[in-house]
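Student: Just dropping this structure here.
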Amino acid sequence: MPAKSPALPYGTLDLLVLRTLANGANHGYGILLHIHEISNNLLRIEEGSLYPALHRLESSGLLKGTWETSDTNRRAKYYSLTAQGRRQLAEEQRKWEQVAEGVTRVLRFA
Amino acid sequence: MSWLRRLANTFRRGRLDDDIDEEMRFHVRMRAADLERGGMSPEDAEREARRLLGNPASLRDRTRESDVWVRLETALQDVRYAVRVLWHAPVFTITAALTLALGIGVNTAMFGVLYGVLIRPLAYTDAERLFLVFQSRGGVGTRVAPLDYVDIQQRTRAFTTAGVVGTGFTFTGGTDPELVIGQLVTGEFFGILGAQPALGRTFGAAEESGGVHEVMVLSHGLWQRRFGGDPAVVGRTVTANGRPFTIVGVMPRDFGFQGPRYQLWVPLPLRGPNPDNLPITRTSRFVQILAKLKPGSSEQAAAADLGAVASSLAVDYPDVHADTSFVMSSLIEETVGSVRPTLRLLFAAVVLVLLIACGNVTSLLLARFTVRGPEVLIRSALGATRGRLIRQFAIETVVLYAVGTVAGIVLATWLLSLVRTLGTTAIPRATDVGLVAPVLLFTCGTSLLAALVFGLAPAWQATRTNSASALRSRTSTTGHSHQRFRSAIVVAQVAVALCLVAGASLVARSLLNLQRVEKGFDPEGRLTFNVVMPAARFPSAASMHAFHRRVLDTLAAQREFANVGATTHLPLSGQDLENSFAVDGYVPASPDQQPVAALRGVSADYTTAMGIPIRTGRPLADADNERGAPVALVNEAFARRYFAGRETVGGRISVGASGGPWRTVVGVVADVKHSGLAVETRPEVLIPYTQLDEGFVTAWGRGMTVVVRTDIDFAAAGGMIRQHIRQADPYIPIIELRPMRELVTNAVAEPRFRTFLLVSFAIASLCLAAVGIFGVLSYIVSERTREIGIRMALGAMPRAIFLAVLAQGARLVLLGSVIGIAGGALLSRWLRGLLFQVSPADPLTLATAAGILAAIALIATLVPARRATQVNPVAALRA
Numbered sequence: 001m002p003a004k005s006p007a008l009p010y011g012t013l014d015l016l017v018l019r020t021l022a023n024g025a026n027h028g029y030g031i032l033l034h035i036h037e038i039s040n041n042l043l044r045i046e047e048g049s050l051y052p053a054l055h056r057l058e059s060s061g062l063l064k065g066t067w068e069t070s071d072t073n074r075r076a077k078y079y080s081l082t083a084q085g086r087r088q089l090a091e092e093q094r095k096w097e098q099v100a101e102g103v104t105r106v107l108r109f110a
Numbered sequence: 111m112s113w114l115r116r117l118a119n120t121f122r123r124g125r126l127d128d129d130i131d132e133e134m135r136f137h138v139r140m141r142a143a144d145l146e147r148g149g150m151s152p153e154d155a156e157r158e159a160r161r162l163l164g165n166p167a168s169l170r171d172r173t174r175e176s177d178v179w180v181r182l183e184t185a186l187q188d189v190r191y192a193v194r195v196l197w198h199a200p201v202f203t204i205t206a207a208l209t210l211a212l213g214i215g216v217n218t219a220m221f222g223v224l225y226g227v228l229i230r231p232l233a234y235t236d237a238e239r240l241f242l243v244f245q246s247r248g249g250v251g252t253r254v255a256p257l258d259y260v261d262i263q264q265r266t267r268a269f270t271t272a273g274v275v276g277t278g279f280t281f282t283g284g285t286d287p288e289l290v291i292g293q294l295v296t297g298e299f300f301g302i303l304g305a306q307p308a309l310g311r312t313f314g315a316a317e318e319s320g321g322v323h324e325v326m327v328l329s330h331g332l333w334q335r336r337f338g339g340d341p342a343v344v345g346r347t348v349t350a351n352g353r354p355f356t357i358v359g360v361m362p363r364d365f366g367f368q369g370p371r372y373q374l375w376v377p378l379p380l381r382g383p384n385p386d387n388l389p390i391t392r393t394s395r396f397v398q399i400l401a402k403l404k405p406g407s408s409e410q411a412a413a414a415d416l417g418a419v420a421s422s423l424a425v426d427y428p429d430v431h432a433d434t435s436f437v438m439s440s441l442i443e444e445t446v447g448s449v450r451p452t453l454r455l456l457f458a459a460v461v462l463v464l465l466i467a468c469g470n471v472t473s474l475l476l477a478r479f480t481v482r483g484p485e486v487l488i489r490s491a492l493g494a495t496r497g498r499l500i501r502q503f504a505i506e507t508v509v510l511y512a513v514g515t516v517a518g519i520v521l522a523t524w525l526l527s528l529v530r531t532l533g534t535t536a537i538p539r540a541t542d543v544g545l546v547a548p549v550l551l552f553t554c555g556t557s558l559l560a561a562l563v564f565g566l567a568p569a570w571q572a573t574r575t576n577s578a579s580a581l582r583s584r585t586s587t588t589g590h591s592h593q594r595f596r597s598a599i600v601v602a603q604v605a606v607a608l609c610l611v612a613g614a615s616l617v618a619r620s621l622l623n624l625q626r627v628e629k630g631f632d633p634e635g636r637l638t639f640n641v642v643m644p645a646a647r648f649p650s651a652a653s654m655h656a657f658h659r660r661v662l663d664t665l666a667a668q669r670e671f672a673n674v675g676a677t678t679h680l681p682l683s684g685q686d687l688e689n690s691f692a693v694d695g696y697v698p699a700s701p702d703q704q705p706v707a708a709l710r711g712v713s714a715d716y717t718t719a720m721g722i723p724i725r726t727g728r729p730l731a732d733a734d735n736e737r738g739a740p741v742a743l744v745n746e747a748f749a750r751r752y753f754a755g756r757e758t759v760g761g762r763i764s765v766g767a768s769g770g771p772w773r774t775v776v777g778v779v780a781d782v783k784h785s786g787l788a789v790e791t792r793p794e795v796l797i798p799y800t801q802l803d804e805g806f807v808t809a810w811g812r813g814m815t816v817v818v819r820t821d822i823d824f825a826a827a828g829g830m831i832r833q834h835i836r837q838a839d840p841y842i843p844i845i846e847l848r849p850m851r852e853l854v855t856n857a858v859a860e861p862r863f864r865t866f867l868l869v870s871f872a873i874a875s876l877c878l879a880a881v882g883i884f885g886v887l888s889y890i891v892s893e894r895t896r897e898i899g900i901r902m903a904l905g906a907m908p909r910a911i912f913l914a915v916l917a918q919g920a921r922l923v924l925l926g927s928v929i930g931i932a933g934g935a936l937l938s939r940w941l942r943g944l945l946f947q948v949s950p951a952d953p954l955t956l957a958t959a960a961g962i963l964a965a966i967a968l969i970a971t972l973v974p975a976r977r978a979t980q981v982n983p984v985a986a987l988r989a
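Just so you know, the sequences run in chain order A and B.
Counting from 1, one number per residue, gives the positions in the first sequence under the numbering used here.
Counting from 111, one number per residue, gives the positions in the second sequence under the numbering used here.
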């Protein structure tokens, strides 16, 4: 196991999930792997918090869950972005960039 | 709708859990497969995959409940936040809560009355199956003759019936004589009403038909008052109407039929001996029929039964029953039907008041939410969605409405206690209106609905600010849209207030017309009282005539009493009697147009004592007595209908349809308002009391109402009257000693109640609308401060600024008035039945209402307009 990765700031998980699903529908495990790979294992998502987050996003109408057959011929629940989820992603991404830019500036110039 | 799905999920928890489990299983399998590829044994891989996922039960629970939990927590946060925000704006909160309290308070009170009077079932078992049966004569329901009642009782199958006759009982023995009003009832009476005695027993059909009718059941009130609540009263013998009665039972406190006026029950002697000389015939109609549908039978079946009885009566007694029919009407309708239009009108009015109040609060909320624009921006920048912000504002509104509702309920408690004490002469069942559960439920429902409808609109408006530009500039398009929104509210308020003011003016004018209507008598300076001559003390007409004369002569001899007269039926007292007549020279076009007129037995001085004008001919004289020639007075309605075009004075009429013995009409009197000030006077005949025949006097002439005209204080006059009557006969009680003015006042009690409330509601709506106008114009002025500053700097005179603001207010009021007049014209048609001598579209009234509204509106615009002229251009431009 790699060294303990830093805890995600609160609310960031939603953003990551939404961004991942912008590439296309995926199941929970797939989302997990994708985030690990893309972030070079820097970001490690607790499996115990992923599923509650997925269900919360689904019931607030940002995601849509459908049961499909996976590549390995198993039934899996695939999540995809709804129109509302897409808007939310754009919004969250913009805010994140502002915050990140702000924080970086402060760190650099303060 | 995510909350719908969530709600559905709680009912489908099993399936949801299965879904989650399957999702977890899939996850574990995928992970294990990956780990195996990395070189683990299948068992280790499986174990490791499960370990990484964590406790499956807890994960499932968290997955299922995560969103519910989040939601509950934020709701609680929102409420706490809302309370804090309201607490820190006390002026706003108190103003808004008081406005709501007014609207909700009058609504709650009015619905309380509506529920308690119209909706709440009567306090009898299966009250919805209780009816009254009337004989129908020319569209008017009358009581039924005793022998006809026996036929109805025996020949109908769909319902059981009881006969009821109201009558007086004079208690003697012990202290002062006392007259108590009671009811003669047949044995089925108590069973039909489902009433059980509190003490002893009631009586049954056996006692009535067996002639053992000297038994008496007391009301709780009479038992307490006259018998001191003595539990040993059952079995005691009392003397009433000169006869002994055995008290067999006492009814519970809440039992009564047709009001607390009736305080005892005695069997109605339909078959046995008849000591009160009731005319048990087919022509004297004095029995009220109470009927109860049998379980499973319908109103149609009951009507068919009554129809069959009527047809067989028509065959058996063609002279009396040629065109008889019977109708039934539900007991609740008979009890409260007359006030339904009034209560509906008043309820509609308070709904309008509530709408105006909510309009003001919406306007206030919008202003407040707008002031909090920066807060909205910051919070949405921090990630709050618009839905979340709307919810926050909506919750603030709901909390505000909750405060207003609590205050409104306090106000309603007080208003209802007023109705219970002051409304009893105006509306039936007013004594027990109250804040019962259905009323509170209605109030809470209404408030919540209003909070959502009127709270969401400003929240929606206020959260429309989504661009950061709103942060920078204070005047923007949002300001204009808020202004338009609030102006629309004011226009609506003015329209609604105008409808209310117009309605109130129409009703008030009706009341004025009613009070000014020609009554046909003069109530001022007249004191009246009743005496009843019971059969046991006055067995013959001669003895009654003698007592009658003794009372009048004694009182007339007093210097203080200018005139003294007596009648068997006093105007506006609720007592009345109709009889058939024959008119010499009048031939009815058909049998059912046989002359019918009200009949009064009066003393010679009655018309003078009551101030009834004589139109032609002469009044009655002392010589018109049992030894004189038979004479009569008729009223103008009688002369018009039955002497149409012929000379009335000198004409001949006779009591009863048979024609003769004839009596000469010696005078025509003015039409007296006998049954109500708004009721058209029917034909009426006044006959000297001493000339009424034996049978009539002993059956119908036992009550005597004396009218005394005097200039002295009524309390002193009353004392004198009591003393002289006691001297004339110590066993005769005096009842209903009261000024004639009081009967007139009571006759307009319902219209006055209606007018008073409607005018109050109209005033409240005017004040609320004025506050609304004031608020929106102040807002507009503050929004335009900069613009006004520029204009002033460019040389505009304060006068022009003043007029501009005034014009802006006038535009809103004018628009609202036009809509209001159109709406009022539509709504006022509902008023027609409640109006008297004024048209629902009366232009003068509508114009007055609009004028009142305009005046109030003008006052409300003056302050903001003046404030606009005091804008300091320099300060306004720098700001």
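For every residue, glycine included, the Cβ atom is placed at its ideal position computed from N, Cα and C.
(1) Cα separation between residue 219 of chain B and residue 302 of chain B?
(2) Output, in chain order, the set of chain A residues within a Cβ distance shorter than 7 Å of residue 140 of chain B.
(3) Helix, strand or coil, according to DSSP, for residue 29 of chain A in the structure here?
(4) Taking Cβ-Cβ distances below 7 Å as the criterion, which residues of the segment 152 to 173 of chain B are in contact with chain A?
(5) Determine the contact status of residue 451 of chain B and residue 786 of chain B, defining contact as a CB-CB distance below 8 Å.
(6) Over what stretch of residues does the beta strand (DSSP E) that includes residue 944 of chain B continue unbroken?
(7) Whole-angstrom Cβ separation of residue 568 of chain B and residue 495 of chain B, contact assumed at under 8 Å?
(8) Our contact map puts residue 758 of chain B next to residue 749 of chain B with C-beta atoms below 8 Å; I'd like the distance itself, whole angstroms only.
(9) Between B:883, B:360, B:237 and B:839, which has its C-alpha nearest residue 286 of chain B's C-alpha?
(10) Leaving out the 5 sequence neighbours to the left and right, which residues in its chain are closer than 6 Å to residue 231 of chain B when beta-carbon positions are compared?
(11) Which residue comes first and which comes last in the alpha helix (DSSP H) that contains residue 211 of chain B?
(12) Determine the contact status of residue 457 of chain B and residue 221 of chain B, defining contact as a CB-CB distance below 8 Å.
(13) Below 6 Å CB to CB, which residues in the same chain sit around residue 398 of chain B once its five sequence neighbours on both sides are set aside?
(14) Could you tell me which whole alpha helix (DSSP H) segments of length 4 or greater appear in the segment 708 to 776 of chain B?
(15) Tell me, which residues are paired with residue 91 of chain A by DSSP?
(16) Cα separation between residue 863 of chain B and residue 224 of chain B?
(17) Looking only at DSSP bridge pairs, what is residue 80 of chain A linked to?
(18) Taking the straight line between their C-alpha atoms, what separation do you get for residue 345 of chain B and residue 324 of chain B?
(19) Whose Cβ in chain B lies nearer than 8 Å to the Cβ of residue 36 of chain A?
(20) Between the segment 669 to 688 of chain B and the segment 714 to 724 of chain B, are three or more C-beta pairs nearer than 8 Å?
(21) Can you name the residues of chain B whose CB is closer than 8 Å to the CB of residue 77 of chain A?
(22) Here's the rule I'm using: 16 or more other beta-carbon atoms within 10 Å means buried, otherwise exposed. How should residue 506 of chain B be labelled?
(23) Using a Cβ-Cβ cut-off of 6 Å (strictly less than) and excluding sequence neighbours within five positions of residue 63 of chain A, which residues of its own chain qualify?
(24) Would the segment 82 to 101 of chain A count as touching the segment 25 to 33 of chain A if we require 3 or more Cβ pairs under 8 Å?
(25) Mind pulling the chain B residues with CB within less than 7 Å of residue 102 of chain A?
(26) With DSSP as the reference, please indicate the residues paired to residue 275 of chain B in a beta bridge.
(27) Quick one: measure Cβ to Cβ for residue 708 of chain B and residue 686 of chain B, integer angstroms, because I've assumed they're closer than 8 Å.
(28) Which same chain residues end up closer than 8 Å to residue 955 of chain B when comparing Cβ atoms and leaving out the 5 residues on each side of it in sequence?
(29) Among residues of its own chain, excluding the 5 on either side of residue 92 of chain A, which ones have a beta-carbon nearer than 6 Å to its beta-carbon?
(30) Measure the C-alpha to C-alpha separation of residue 547 of chain B and residue 553 of chain B and round it to an integer number of angstroms.
(31) Could you tell me how far apart the beta carbons of residue 572 of chain B and residue 503 of chain B are, in whole angstroms, since I believe they sit closer than 8 Å?
(32) Exposed or buried, which one is residue 905 of chain B when buried takes at least 16 other CB atoms within 10 Å?
(33) Any idea what DSSP makes of residue 688 of chain B, helix, strand or coil?
(34) Based on the DSSP secondary-structure assignment, which residues constitute the bridge partners of residue 795 of chain B?
(35) In this structure, does DSSP put residue 46 of chain A in helix, strand or coil?
(36) Would residue 74 of chain A pass as an interface residue toward chain B - the criterion being a Cβ-Cβ separation below 8 Å?
Tutor: According to the structure data:
(1) Their Cα atoms are separated by approximately 33 Å.
(2) Per Cβ cutoff of 7 Å: 29.
(3) Of the three classes helix, strand and coil, the one that applies to residue 29 of chain A here is helix, per DSSP.
(4) Cβ contacts with chain A come from 162, 163, 164, 169, 172 and 173.
(5) Between residue 451 of chain B and residue 786 of chain B, the CB-CB gap reaches or exceeds 8 Å.
(6) Neither: residue 944 of chain B is in no beta strand (DSSP E) and is coded neither H nor E.
(7) Contact doesn't hold; Cβ gap of about 18 Å is too wide.
(8) The Cβ separation is near 4 Å, so the contact holds.
(9) Among B:883, B:360, B:237 and B:839, the Cα nearest to that of residue 286 of chain B is on B:839.
(10) The beta carbon of residue 231 of chain B sits closer than 6 Å to those of 237, all from its chain and outside the five residues before and after it, given in chain order.
(11) Element bounds for residue 211 of chain B: 200 to 224.
(12) The answer is yes: Cβ separation under 8 Å.
(13) The beta carbon of residue 398 of chain B sits closer than 6 Å to those of 253 and 274, all from its chain and outside the five residues before and after it, given in chain order.
(14) Taking only runs of at least 4 residues, the alpha helix (DSSP H) segments lying wholly in the segment 708 to 776 of chain B are 716 to 720 and 746 to 752.
(15) Beta-bridge analysis with DSSP links residue 91 of chain A to no other residue.
(16) Their backbone Cα atoms lie some 14 Å apart in a straight line.
(17) Note: residue 80 of chain A sits in a beta bridge opposite A:64.
(18) Cα-Cα distance, rounded: 12 Å.
(19) Neighbours of residue 36 of chain A in chain B, taken as residues at a C-beta separation under 8 Å, are lacking, since the least C-beta distance is about 11 Å.
(20) A contact exists between the segment 669 to 688 of chain B and the segment 714 to 724 of chain B.
(21) Scanning chain B for C-beta atoms nearer than 8 Å to the C-beta of residue 77 of chain A yields 129, 132, 133 and 136, reported in chain order.
(22) Buried.
(23) These residues qualify, in order along the chain: 57, 79 and 85.
(24) The count of Cβ pairs closer than 8 Å, one atom from the segment 82 to 101 of chain A and one from the segment 25 to 33 of chain A, stays below three, leaving the stretches out of contact.
(25) Ordered by position in chain B, no residue passes the 7 Å Cβ test against residue 102 of chain A, which lies about 12 Å from the chain.
(26) Within the DSSP bridge table, the entry for residue 275 of chain B names B:294 as partners.
(27) The beta carbons of residue 708 of chain B and residue 686 of chain B sit about 6 Å from each other, so the pair counts as a contact at 8 Å.
(28) Spatial neighbours of residue 955 of chain B in its own chain (CB-CB distance under 8 Å, excluding positions within 5 residues in sequence) are listed in chain order as 612, 615, 616, 619 and 948.
(29) Around residue 92 of chain A: 15.
(30) Across the structure, residue 547 of chain B and residue 553 of chain B are spaced so that their CA atoms are roughly 10 Å apart.
(31) Right, the Cβ-Cβ distance comes to about 6 Å (below 8 Å), so this counts as a contact.
(32) Residue environment analysis places residue 905 of chain B among the exposed positions, since fewer than 16 neighbouring C-beta atoms fall within 10 angstroms of its C-beta.
(33) DSSP places residue 688 of chain B within a strand segment (E or B) once states are collapsed to three.
(34) Note: residue 795 of chain B sits in a beta bridge opposite B:709 and B:744.
(35) Residue 46 of chain A falls in the coil class under three-state DSSP.
(36) Answer yes: the Cβ-Cβ gap between residue 74 of chain A and chain B drops below 8 Å somewhere.
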